[in-house]
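Quick note, the sequences are listed as chains A and B, same order. Note that our numbering has the first sequence beginning at 1, numbered continuously upward. Note that our numbering has the second sequence beginning at 1, numbered continuously upward. All C-beta atoms, glycine included, are put in the ideal place defined by N, C-alpha and C. Structure first, commentary second.
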Amino acid sequence: MGLNRVHVHVGVQLLRVHFPQVAASAGKSLPEKVKIVEVGPRDGLQNEKTIVPAEVKICLIDMLSEAGLPVIEATSFVSPKWVPQMADQVEVMKGISKKPGVNYPVLTPNLKGFQAAVKAGATEVAIFGAASELFSKKNINCSVEESLQRFEEVAKAAKEQGVAVRGYVSCVLGCPYEGKVAPGKVAQVAKRLYAMGCYEISLGDTTGVGTPGGMIEMLEAVKHEVPVEALAVHCHDTYGQALANILVALQMGISVVDSSVAGLGGCPYAQGASGNVATEDVVYMLHGLGIQTGVDLAKLMDAGAFICQSLNRRTSSKVAQAASFQAILQF
Amino acid sequence: MGNVPAAVKHCLSHEALAQEHPWLLRWLVDEKSAAICDFPKAVKVVEVGPRDGLQNEKEMVPTGVKIQLIDMLSETGLPVIEATSFVSSKWVPQMADHAEVLKGISLAPHVRYPVLTPNMQGFHAAVDAGATEVAVFGSASETFCKNNINCSIEESFQRFKEIISSAKQAHIPVRGYVSCAVACPYEGHVEPAKVAEVAKRLYELGCYEVSLCDTTGVGTPGSMASMLKCVVKEVPTNALAVHCHDTYGQALANVLIALQMGISVVDSSVAGLGGCPFAKGATGNVSTEDVVYMLNGLGIETGVNLSKVIHAGEFICKALNRSTNSKVAQKNN
């Protein structure tokens with residue numbers, strides 16, 4: 001006999017006992033472990049005004065490796081004409097000490113970049129899609145569909161050569177040109193990237209406008225198309241919302257979070273406004289929640305202090321700021 | 001279980017149920033999202049900038065500036081604005097002009113202007129100056145209490161009892177604060193049970209609302225939730241507020257978890273005024289602008305006009321010759 005509404009309703013009530021997270025109470029279940037994807041050396045430095053020499057980048061990445069971060073986005077194989085900060089991509093890739101067990105993905109916007117990356121020793125690459133047509137046009141001068149076709153080529157080549165591919169979707173909670181972005185569109189793009197072989201899709205709130213409500217709505221849509229274990233969030237802190245957005249993402253089952261040491265990388269759309277969320281602040285929150293990250297916060301802060309000194313700028317991490325005045329208290 | 005339909009018996013094995021009816025799993029995912037979306041429809045934002053904020057700023061501002069700030073905030077829709085503190089100017093010189101400020105502000109209808117009254121002397125002075133609401137500051141940490149107001153928690157309660165009793169006679173509502181609700185700069189971790197005890201006492205003495213303060217900003221959603229779980233057993237949720245500091249960048253996440261737990265009153269400070277008194281240079285109060293931005297995004301009503309708050313923040317930052325701590329305001333610039 002088929003289930004009718006009454007049976008289903010009673011069933012769900014029974015299930016509430018087994019799934020306490022379904023009950024409307026404070027006990028939202030969180031992942032035991034979270035993988036932090038450190039994007040400072042690439043996304044961070046790419047968006048900093050000051051360009052640092054290759055040795056400084058290499059030293060930063062090596063310090064981050066020692067801090068226990070499992071994934072460190074090392075550089076970008078994009079034309080130096082567009083992104084001069086990443087012109088030393090090959091030197092950086094060849095110069096870093098690759099710690100066993102740590103991944104060092106690099107951005108590859110097209111097949112040419114992919115080939116150069118593999119030649120330089122990359123074993124993981126990343127491709128950047130967008131959920132907004134206007135953003136895609138302005139950022140990489142083609143439509144979303146055209147960009148996905150470009151990426152198909154990269155994904156295919158990567159598969160043939162046993163190189164892992166991570167996908168990014170930008171503008172998931174808003175676009176600097178289009179404004180509101182439909183969750184359905186984000187889900188569509190994420191689905192395509194996943195289908196072409198990306199092992200993980202990072203959902204980027206590019207302008208930091210998102211708030212927890214929008215994050216929940218967007219993730220609900222994407223989770224229908226891509227398994228939650230294959231999703232990550234990349235929150236910008238331009239409006240101070242990043243940690244709150246990350247918290248709800250964790251509550252929704254996300255267990256991969258992108259962040260940038262010292263909050264490197266300003267918002268490219270608003271001079272002087274902050275951009276990436278600071279890894280130190282994310283790790284502080286996760287550890288406070290009892291979530292394992294494998295990251296040594298003290299060593300991470302050392303890396304942050306180092307790069308800020310090199311950039312001659314103040315850290316954007318509140319934890320690092322507080323630490324400069326007192327010993328870090330973790331509760 | 002004789003009368004229980006076969007389907008229900010079957011669904012005691014939830015995996016089997018989910019396997020046979022995959023759409024049900026999707027429904028549960030949606031239910032789960034709905035639970036995470038369990039937010040209050042409206043939140044009362046208590047603006048503490050003119051008192052808690054300015055009290056902890058290095059620069060002192062003239063009375064005229066304080067009055068103008070409060071008047072600007074009164075135009076934003078903020079329902080509660082903590083105006084000043086009737087504490088001895090020997091201890092808090094920034095608040096020496098308390099009577100003048102209270103008498104000078106334009107009292108907007110529908111806005112409340114609580115003032116701090118640490119003792120009976122302060123209470124009498126506040127009433128003389130026209131106060132219609134007062135606030136008392138308790139602590140969940142003995143050491144903090146001793147260092148802050150030079151007495152034990154028990155002695156502080158004797159003081160509050162007197163104030164609350166007099167306030168009751170004068171029909172003046174009293175708001176209570178519990179500082180060090182998560183941790184103390186001297187003692188470290190503070191037991192949630194202790195926070196609950198102090199909050200309960202303040203409530204039972206007659207405080208209409210108790211604001212739980214993460215004084216050092218070390219709290220994370222985990223420690224926040226543990227503390228709130230304990231306190232809501234002793235004090236009705238609708239009589240509780242959270243006062244989060246952003247010293248470690250955790251404030252909005254902490255406010256969020258508090259909202260999910262049914263708290264609907266949030267303290268904040270325009271432009272994030274008020275550094276952390278225990279770590280010079282570190283940030284303190286969470287910015288009203290950033291809080292309101294989040295609440296707006298969540299579709300929660302506050303009655304607050306964000307642009308006007310940003311405007312008030314710009315004004316006071318200029319007067320203090322400092323930059324705003326609010327990310328929303330920074331972006332606006």
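#1: Applying the criterion that 16 or more other CB atoms from any shown protein chain within 10 Å of the CB defines a buried residue, is B/His245 buried or exposed?
#2: Would you call the region 164 to 181 of chain B in contact with the region 197 to 209 of chain B, where contact means no fewer than 3 C-beta pairs closer than 8 Å?
#3: Is the beta carbon of B/Asn305 less than 7 Å from the beta carbon of B/Thr76?
#4: Throw me the rounded Cβ distance for the A/Val165 and A/Ile201 pair, which I believe falls under 8 Å.
#5: With a threshold of 8 Å on Cβ separation, who are the neighbours of A/Ser25 within its own chain once the five nearest residues in sequence on each side are excluded?
#6: Output yes if chain B places a C-beta closer than 7 Å to the C-beta of A/Ala26; else output no.
#7: Could you pull the start and end residues of the beta strand (DSSP E) that A/Tyr194 belongs to?
#8: Using 7 Å as the threshold, is the C-beta distance between B/Ala140 and B/Ala170 below it?
#9: CB B/Gly49 to CB B/Leu273, shorter than 7 Å?
#10: B/Ala241 lies in the beta strand (DSSP E); which residues open and close that run?
#11: Thinking A/Met93 and A/Gly113 are a contact (beta carbons under 8 Å), I'd like their distance in whole angstroms, please.
#12: Exposed or buried, what is A/Gln85 when buried is set at 16 or more other beta-carbons lying within 10 Å of its beta-carbon?
#13: Is there a C-beta anywhere in chain B that falls below 7 Å from the one on A/Leu107?
#14: Would a check of beta-carbon distances place B/Tyr293 closer than 7 Å to chain A?
#15: Could you name the residues of chain B that A/Leu297 contacts, counting a contact when the two beta carbons are closer than 8 Å?
#16: Are there 16 or more other CB atoms within 10 angstroms of the CB of B/Pro114, so buried, or fewer, so exposed?
#17: Alpha carbon to alpha carbon, how far is A/Leu64 from A/Glu146?
#18: Return the residue from the list A/Lys185, A/Ala187, A/Ala130, A/Pro109 that minimises the CA-CA distance to A/Trp82.
#19: Output needed for A/Leu111: all residues of its chain with C-beta closer than 8 Å, excluding positions within five of it in sequence on either side, in chain order.
#20: Tell me the rounded alpha-carbon separation between B/Leu78 and B/Cys184.
#21: For the beta strand (DSSP E) that A/Gly167 lies in, which residues bound it at each end?
#22: Listing by chain order, which chain A residues have their CB less than 8 Å from the CB of B/Gly49?
#23: For chain A, find out if any of its Cβ atoms is closer than 7 Å to the Cβ of B/Val304; answer yes or no.
#24: If A/Ala126 sits next to A/Val106, beta carbons under 8 Å apart, how far is it from one beta carbon to the other, in whole angstroms?
#25: Mapping the DSSP letters down to three states, classify A/Asp237 as helix, strand or coil.
#26: Give the residues of chain B in contact with A/Ser274, contact being defined as C-beta atoms less than 8 Å apart.
#27: For my contact list, B/Lys327 and A/Tyr239 are in at a C-beta cut-off of 8 Å; report their separation, rounded to the angstrom.
#28: Comparing the C-beta of B/Pro221 with each C-beta of chain A, is any distance below 7 Å?
#29: Quick one, which of B/Ser106, B/Val111, B/Ile163 has its alpha-carbon nearest B/Ala126's?
#30: Does A/Ala131 come within less than 7 Å of chain B when only Cβ atoms are used?
#31: Taking the C-alpha atoms as reference points, what is the distance between B/His189 and B/Thr216?
#32: Where does A/Glu73 sit, in a helix, a strand or coil, going by DSSP?
#33: Am I right that A/Ala322 and A/Met301 are in contact with their C-beta atoms under 8 Å? What's the rounded C-beta distance?
#34: With a cut-off of 8 Å, do at least 3 Cβ pairs link the region 247 to 262 of chain B to the region 190 to 199 of chain B?
#35: If you draw a straight line from the C-alpha of A/Leu297 to the C-alpha of A/Gly290, how long is it?
#36: So is A/Val303 in contact with chain B if we call contact Cβ pairs under 7 Å?
Straight from the coordinates:
#1: buried
#2: yes
#3: It is a contact, given that the beta carbons lie within the stated cut-off.
#4: That pair is no contact at about 10 Å.
#5: Residue placement at A/Ser25 is flagged as unreliable, the pLDDT there being 34, under the threshold of 50; the coordinate-derived value follows with that caveat. Around A/Ser25: no qualifying Cβ.
#6: Note that A/Ala26 has pLDDT 42, beneath the 50 cutoff, so the model's placement of it is unreliable and the number below is only indicative. Chain B contact via Cβ: present.
#7: For A/Tyr194, there is no enclosing beta strand (DSSP E); the enclosing alpha helix (DSSP H) covers residues 183 to 195.
#8: no
#9: yes
#10: In the DSSP annotation of this structure, the continuous segment of the beta strand (DSSP E) that includes B/Ala241 starts and ends at 240 to 244.
#11: The Cβ separation is near 12 Å, so there is no contact.
#12: buried
#13: no
#14: Taking Cβ atoms only, chain A reaches closer than 7 Å to B/Tyr293, which makes this a yes.
#15: Simply none; closest approach about 11 Å.
#16: buried
#17: 35 Å
#18: A/Pro109
#19: Arg150, Glu153, Val154, Ala157
#20: 30 Å
#21: 164 to 170
#22: None at all; the shortest Cβ gap to chain A is about 16 Å.
#23: no
#24: 7 Å
#25: coil
#26: Lys327, Gln330
#27: Sure, about 5 Å apart at Cβ, within 8 Å.
#28: yes
#29: Minimum Cα distance to B/Ala126 is reached at B/Ile163.
#30: no
#31: If I take the Cα positions, the gap works out to 11 Å.
#32: Of the three classes helix, strand and coil, the one that applies to A/Glu73 here is coil, per DSSP.
#33: The pair is not a contact, with the Cβ atoms about 10 Å apart (cut-off 8 Å).
#34: no
#35: 14 Å
#36: The identity of residue 303 of chain A in the sequence shown is Ala, whereas the question assumes Val. For A/Ala303, the closest Cβ of chain B is not nearer than 7 Å.
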